[in-house]
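Okay, so the sequence shown: first residue is 627 according to this note's numbering, each after it adds one. I have placed the structure first, in the form of structure tokens, so that the comments after it can refer back to it.
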Amino acid sequence: MVNAKVHALLNNQINKEFYSAYLYLDFSNYFKARGLDGFANWYKIQAEEERDHAMLFYTYLQNENMPVTLEAIDKPDKVLDSDMSVLKAGLEHEIYVSSLINDIYAAAHEAKDFRTMQFLDWFVKEQGEEETNANDLITKMELFGSDPRGLYLLNQELSARVYTAPSLVL
């Protein structure tokens, strides 16, 4: 049986992951409107990943015979006024999500909920990768984004990203 506090945090994380998907779709819309289809593709795939993360939390709670309560998903609230502001908002958001995962992990540890801790191990690793990817995009934009040819090549690189569903077994 999942501890009540851990259950509430896991349930809340479902909503946070769906919000992340909305946020990244908003980023994708921003880049599509700018004619940067590669960036739009990258964030659209990022949205798909976040949606699947929400479903992993959802499935985990169901598998633990815990009720799932779905809440309203907030409208994305980031101001998107430049390409770099979008990329920095993405990194900021990933750092925030990492803190949420860490909070759930800490609560599970305190409750000696080892099953939930094991479930969260994948997310801890995943968040490290997400932060690295967001940081790498910022670095590449700083290096190449001010040059139209460099931006074109970076856009081409991002257009090659394809979706791979998470391999986490519940």
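C-beta: ideal position from N, C-alpha, C; glycine also. Please read these numbers as outputs of a predicted model, since none were measured by experiment.
Check: Which first and last residues belong to the alpha helix (DSSP H) in which Met743 is found?; Outcome: Phe740 to Phe770
Check: Counting only the same chain and skipping the five closest in sequence on each side, list residues whose C-beta sits under 7 Å from that of Asn641.; Outcome: Glu697 and Ile699
Check: Considering only the beta carbon of each residue, do Val723 and Glu674 sit closer than 9 Å?; Outcome: no
Check: Give the single residue among Ala659, Phe683, Leu636 and Met710 whose Cα lies nearest to the Cα of Lys766.; Outcome: Met710
Check: Within the continuous alpha helix (DSSP H) that includes Lys631, where are the two ends?; Outcome: Ala630 to Ala659
Check: Considering Cα atoms alone, identify which of Leu746, Leu706 and Phe653 is closest to His679.; Outcome: Leu746
Check: Express the C-alpha separation of Trp668 and Asn638 in angstroms, rounding to a whole number.; Outcome: 26 Å
Check: Say whether the segment 687–694 touches the segment 646–653, bearing in mind that this needs 3 or more beta-carbon pairs closer than 8 Å, one atom from each stretch.; Outcome: no
Check: CA-CA distance, Ala760 and Gln744?; Outcome: 25 Å
Check: Is the separation between the beta-carbon of Asp762 and that of Lys704 shorter than 9 Å?; Outcome: no
Check: Under 8 Å by Cβ, that's how I've got Ile727 and Val632 pegged, so tell me the actual separation to the nearest angstrom.; Outcome: Going by Cβ atoms, the distance from Ile727 to Val632 rounds to 12 Å, so no, they are not a contact pair.
Check: Closer than 6 Å by C-beta to Lys751: which residues in its own chain qualify, once you throw out the five before and the five after it? Chain order, please.; Outcome: none
Check: Have a look at Glu736 and Leu662 and give me their C-alpha separation to the nearest angstrom.; Outcome: 46 Å
Check: Considering only the beta carbon of each residue, do Tyr789 and Val712 sit closer than 9 Å?; Outcome: no
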